[in-house]
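>
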Amino acid sequence: MAAPEERRTVAPAILPEPRTPADDVHGPAWFSYTANGDQIVWSAQLRAMVGRQPTQDEVSRKVLARYVHRDDHAKALGAITQTWTSRVPVRTTVRLMRADGGWFDVDCRLEPVKSPDGTVRGIRGTVTDVSARERARREIARLARRGETVQTSLIDPDPATGLLTRARFTDEIDRSQRRGGGAVLIIRVQPEKHLEGDGVRPDRNADLLHRAARVLEGVVQEGARLGRVGPSEIGLLLPGTSWPMARREAELLVQALRSQTFVLPDTWLRARAWGGLVRFTPDAEAGSHEVLIDAEHAWRQSREADRPVTFVAHPVPVRDRQGSYRTRVADALGTDRFTLYAQPILELQTNEITRHELLLRVLDEADGPQSPIQVLDTAERLDAVYDIDLWVVERAMQVANEQPETCLQINLSGRSVGDPRLTDEVVRLIEEYEVNPGQLTFEITETALIGNLTEARRFADRIRDLGCELALDDFGSGYASFRYLRIFPIDLVKIDGEYVVDLVENPQDQVLVRALVQVCQAYGIHTVAEFVQDEPTLRLLRELGVDYVQGYLIGRPAPLLSGRLPTT
Numbered sequence: 012m013a014a015p016e017e018r019r020t021v022a023p024a025i026l027p028e029p030r031t032p033a034d035d036v037h038g039p040a041w042f043s044y045t046a047n048g049d050q051i052v053w054s055a056q057l058r059a060m061v062g063r064q065p066t067q068d069e070v071s072r073k074v075l076a077r078y079v080h081r082d083d084h085a086k087a088l089g090a091i092t093q094t095w096t097s098r099v100p101v102r103t104t105v106r107l108m109r110a111d112g113g114w115f116d117v118d119c120r121l122e123p124v125k126s127p128d129g130t131v132r133g134i135r136g137t138v139t140d141v142s143a144r145e146r147a148r149r150e151i152a153r154l155a156r157r158g159e160t161v162q163t164s165l166i167d168p169d170p171a172t173g174l175l176t177r178a179r180f181t182d183e184i185d186r187s188q189r190r191g192g193g194a195v196l197i198i199r200v201q202p203e204k205h206l207e208g209d210g211v212r213p214d215r216n217a218d219l220l221h222r223a224a225r226v227l228e229g230v231v232q233e234g235a236r237l238g239r240v241g242p243s244e245i246g247l248l249l250p251g252t253s254w255p256m257a258r259r260e261a262e263l264l265v266q267a268l269r270s271q272t273f274v275l276p277d278t279w280l281r282a283r284a285w286g287g288l289v290r291f292t293p294d295a296e297a298g299s300h301e302v303l304i305d306a307e308h309a310w311r312q313s314r315e316a317d318r319p320v321t322f323v324a325h326p327v328p329v330r331d332r333q334g335s336y337r338t339r340v341a342d343a344l345g346t347d348r349f350t351l352y353a354q355p356i357l358e359l360q361t362n363e364i365t366r367h368e369l370l371l372r373v374l375d376e377a378d379g380p381q382s383p384i385q386v387l388d389t390a391e392r393l394d395a396v397y398d399i400d401l402w403v404v405e406r407a408m409q410v411a412n413e414q415p416e417t418c419l420q421i422n423l424s425g426r427s428v429g430d431p432r433l434t435d436e437v438v439r440l441i442e443e444y445e446v447n448p449g450q451l452t453f454e455i456t457e458t459a460l461i462g463n464l465t466e467a468r469r470f471a472d473r474i475r476d477l478g479c480e481l482a483l484d485d486f487g488s489g490y491a492s493f494r495y496l497r498i499f500p501i502d503l504v505k506i507d508g509e510y511v512v513d514l515v516e517n518p519q520d521q522v523l524v525r526a527l528v529q530v531c532q533a534y535g536i537h538t539v540a541e542f543v544q545d546e547p548t549l550r551l552l553r554e555l556g557v558d559y560v561q562g563y564l565i566g567r568p569a570p571l572l573s574g575r576l577p578t579t
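For what it's worth, this note's numbering labels the leading residue of the sequence shown as 12, then goes sequentially.
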C-alpha cells in the first residue's frame, strides 16, 4: 500500500444524474415536427425525460440518430413514414436515449398534421414512459429463452428403458451412501436363446431390457431406484435396506425375471438373469463407482458358477481392486475382446473423405460390439487405462502402415496423455511400423481428467515435432475448452455434437457454434462438427465456416476388416 503522501488525488467519478420520473412531470410529453424548415419542438416534459433538448442547428435526422436507440432507428423511421404516407395515427414503442447515456422505453402515438388542402405538413407525437412494462416483458422473454436453452435435467433418462442413466444412477448411490447404508444389485439380462438364424439382435435385446425394467418396477420395494448401467444390465439401489433383507430382495427379483415370459414386437422369449449384490456403508473407502465395479464382477461370478445371485458383504479393498481390474483388462486384450471401428470425416473444402476416426468397441458375449465408455471410465478411475490406449495406438500404426494414404484420428484418455511412458512408446511405434507421422492425429477429450499437465504438454510438443497433429474432442462440453487452447498446441477441435444435432432449429446453438468457429479461426485451428445427420445441417455448417464434418450423413462407424479401413 502506498504511503499517504504518495497517494494521488482522484477526482470523484461523474455519475449519471437521477432521471425525473415521467409521473412527476406535470402534463403530457410531446413533440412536433414541421417539414417547412425541418423544425422540431419539444415539450418541457419531454426535455425533462431525456435530460436535454435539441439545439437549434440539429435537423430532424440528427435528432432521430441522437435521441432514439440505434437498434430502434429503423422502427422509428418506419412508423414516421407510415404516418406520413397513410395520413392516419400510428403507435410504436421505441427506446429513447438520455443525456447520461442510459435509455428508457416509451409508447409513441404519431399523428399527421395536415394543411387545409389535406396534405401532410408535419407530425405530432405523444410520448408515454412505459419502462416498467417493457422491462417486465423483456424479463419474461429472457426467462423463456433460458427455459428453452437450459436442460431440465443434468442427465436425461436412458431412451431405451426410461430408467436412470449410469451416471445418474451413480449419483444416487453417492447420495444414499452419505445418508446411510444400503445395497446395490446389478442384474444381467439376456435372451435364453436366439431364434434359429436370427443371430445377435441388439434391438431385440433392447426390447427385452425395456420389458425387464417394467417387471422390476412392479415388484421392487418402495424407495428403490432403477438404472440402466450397461448394454444388458439393470442396476437397483436399495437405500437403507438391511443386508438380510437386501439378499432376500435380490433373490426374488432375479427369480421374477427368470420365470417371466417376455412378449416382444415380433416374438416371445424367456430370459436368463444373473445378479450381483454389494453392500455399502457410509464409512467404507469404496465409492459409488467402486461399488458398481464390484456388483458387475459379482454377476459375472454368478454366471460362471450358474447361480442366481452372488453376494458381496464387503467391497473389495482399493489395492486389490486395482490389481484385479488390471488383470481383467489384460485378459480382455489377450482374448481379443477389444476391436476397432472407423468413421469417415468429410473435408468441406474438397468435399472428400480425408480422415477416419478410430473408435474402440468392446465385444460383449450376447450383444456384439458395445461402446467402451463404461470400461474406459472404470479403467481411468483405477489407473488401468494406459494398456488399452497403447493397444489402440499400436493397431492404428498397423492400419497406417498398410494404408499410407490414410489420415487417422486416435482417441487417448486424459490419464494416458499425462503418462510419461506414452511419448516414448508413440515414437517407438512410429519407427517400428515406418509410419508417416502426418497420417496421425491424436485426440484428447476436453472433459478428460489429465493427470499431469506437464507430461501432457511434453507429449503434445513431441508428437507435433514428429509431424503428428493434436485434436481436442468434445469442444464446448466442459470447463477447460479455452484454457486447453492456450495450454496445448491444438491443430483441430471437434465441436461437441450436442450443439450440432438440432442446429438448424436452434438459434442459440447457431450462435454458439458460430462463436466457437470464430475463436478457432482466430487461433489458427481447424474445426470438425460431429453428429451431422442431414443435408440442412451440413449446408448451415458450411455457411458457419466449419472445416470438417462427421456423422451418420457422412458415414456410420464400421469395423476394420483384416486391419483395413472400410470402403466409403
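All C-beta atoms in this analysis are idealised placements derived from N, C-alpha and C, irrespective of residue type, glycine included. Everything numeric in this text was worked out from a predicted model, so none of it was measured.
1) Using beta-carbon positions only, say whether Glu582 and Arg106 come within less than 8 Å of one another.
2) By the DSSP assignment, the beta strand (DSSP E) with Phe180 in it spans what residues?
3) Does the separation of the CB atoms of Gly229 and Val195 fall below 8 Å?
4) Kindly give me the distance between the Cβ atoms of Glu541 and Lys505, rounded to whole angstroms, as I take these residues to be in contact under 8 Å.
5) Return the Cβ separation of Leu268 and Ile198 in integer angstroms, given the expectation that the two are a contact with Cβ distance under 8 Å.
6) Measure the CB-CB distance between Phe499 and Arg469 and report whether it falls below 8 Å.
7) What does a CB cutoff of less than 7 Å around Leu206 pick up in its chain, not counting 5 residues either side in sequence?
8) Run through DSSP, which three-state label would Phe493 get?
9) Is the CB-CB distance between Ala224 and Thr172 below 8 Å?
10) Short of 7 Å in beta carbon distance, which residues of its chain neighbour Glu405, apart from the five on each side in sequence? Order them along the chain.
11) Is the CB-CB distance between Gln56 and Ala40 below 8 Å?
12) Quick one: which unbroken beta strand (DSSP E) runs of 3-plus residues sit fully inside the region 448–488? Chain order, please.
13) Would you say Phe486 and Leu527 are within 8 Å of each other, going by their C-beta atoms?
14) Do you know offhand how far Val61's Cα is from Val124's?
15) Let me check understanding here. Comparing Cα to Cα, which of Ala261, Ala282, Glu262, Glu260 lies closest to Ser270?
16) Let's test the definition: count the other Cβ atoms within 10 Å of the Cβ of Tyr534 and tell me whether it reaches 16, buried, or not, exposed.
17) For Glu244, name the three-state secondary structure that DSSP assigns.
18) So which of Glu296, Arg58, Gly133, Tyr444 has the shortest CA-CA distance to Met108?
19) Is the region 231–238 touching the region 291–310, taking contact as three or more C-beta pairs under 8 Å?
20) Can you give me the C-alpha to C-alpha distance between Thr176 and Asp185, rounded to a whole angstrom?
21) Could you tell me the alpha carbon to alpha carbon distance between Leu552 and Gln561, rounded to whole angstroms?
22) Report the three-state DSSP secondary structure of Ala569 (helix, strand or coil).
23) Using three-state DSSP, classify Val195 as helix, strand or coil.
24) Bridge partners of Val320, per DSSP?
25) Check the C-beta distance from Val512 over to Gln544 and give it rounded, since I have them as a contact under 8 Å.
26) Please state whether the Cβ-Cβ distance between Ile421 and Glu454 is less than 8 Å.
27) Suppose you measure from the CA of Tyr352 to the CA of Ala569; what does that come to, to the nearest Å?
Result, derived from the coordinates:
1) This structure gives no information on residue 582, because the portion of the chain shown stretches from 12 to 579.
2) No beta strand (DSSP E) contains Phe180, which is instead part of the alpha helix (DSSP H) from 177–190.
3) In this structure, Gly229 sits away from Val195, with a CB-CB distance that is not shorter than 8 Å.
4) Rounded, the Cβ-Cβ distance is 6 Å, consistent with contact.
5) Contact between Leu268 and Ile198 holds, since their C-beta atoms are separated by about 7 Å, short of 8 Å.
6) Against a cut-off of 8 Å, the Cβ pair of Arg469 and Phe499 comes out as no contact.
7) Residue placement at Leu206 is poorly supported in this model, since its pLDDT is 45, which falls under 50; the coordinates still yield a value, given next. Thr278.
8) DSSP places Phe493 in helix when its eight states are reduced to three.
9) Yes, Cβ-Cβ distance for Ala224 and Thr172 is below 8 Å.
10) Cβ neighbours of Glu405 beyond the five flanking positions: Leu440.
11) Yes.
12) For the region 448–488, whole beta strand (DSSP E) runs of length 3 or above, ordered along the chain, are 451–456, 480–486.
13) Taking C-beta atoms as the reference points, Phe486 and Leu527 count as a pair closer than 8 Å.
14) The alpha-carbon atoms of Val61 and Val124 are separated by roughly 24 Å.
15) With distances taken between Cα atoms, Ser270 lies closest to Ala282.
16) With fewer than 16 other Cβ atoms inside 10 Å of its own Cβ, Tyr534 counts as exposed.
17) DSSP places Glu244 in strand when its eight states are reduced to three.
18) Looking only at Glu296, Arg58, Gly133, Tyr444, the smallest Cα-Cα distance to Met108 is reached by Arg58.
19) No contact exists between the region 231–238 and the region 291–310.
20) Near 14 Å, if we compare the C-alpha coordinates of Asp185 and Thr176.
21) Distance between the alpha carbons of Leu552 and Gln561 is about 11 Å.
22) The answer is strand: DSSP assigns Ala569 an E or B state.
23) Of the three classes helix, strand and coil, the one that applies to Val195 here is strand, per DSSP.
24) Under DSSP, the beta-bridge partners assigned to Val320 are Gly286.
25) Contact between Val512 and Gln544 holds: CB atoms are separated by about 7 Å, below the 8 Å threshold.
26) Pairing Ile421 with Glu454 gives a Cβ-Cβ distance under 8 Å.
27) Looking at the two C-alpha atoms, the distance is approximately 5 Å.
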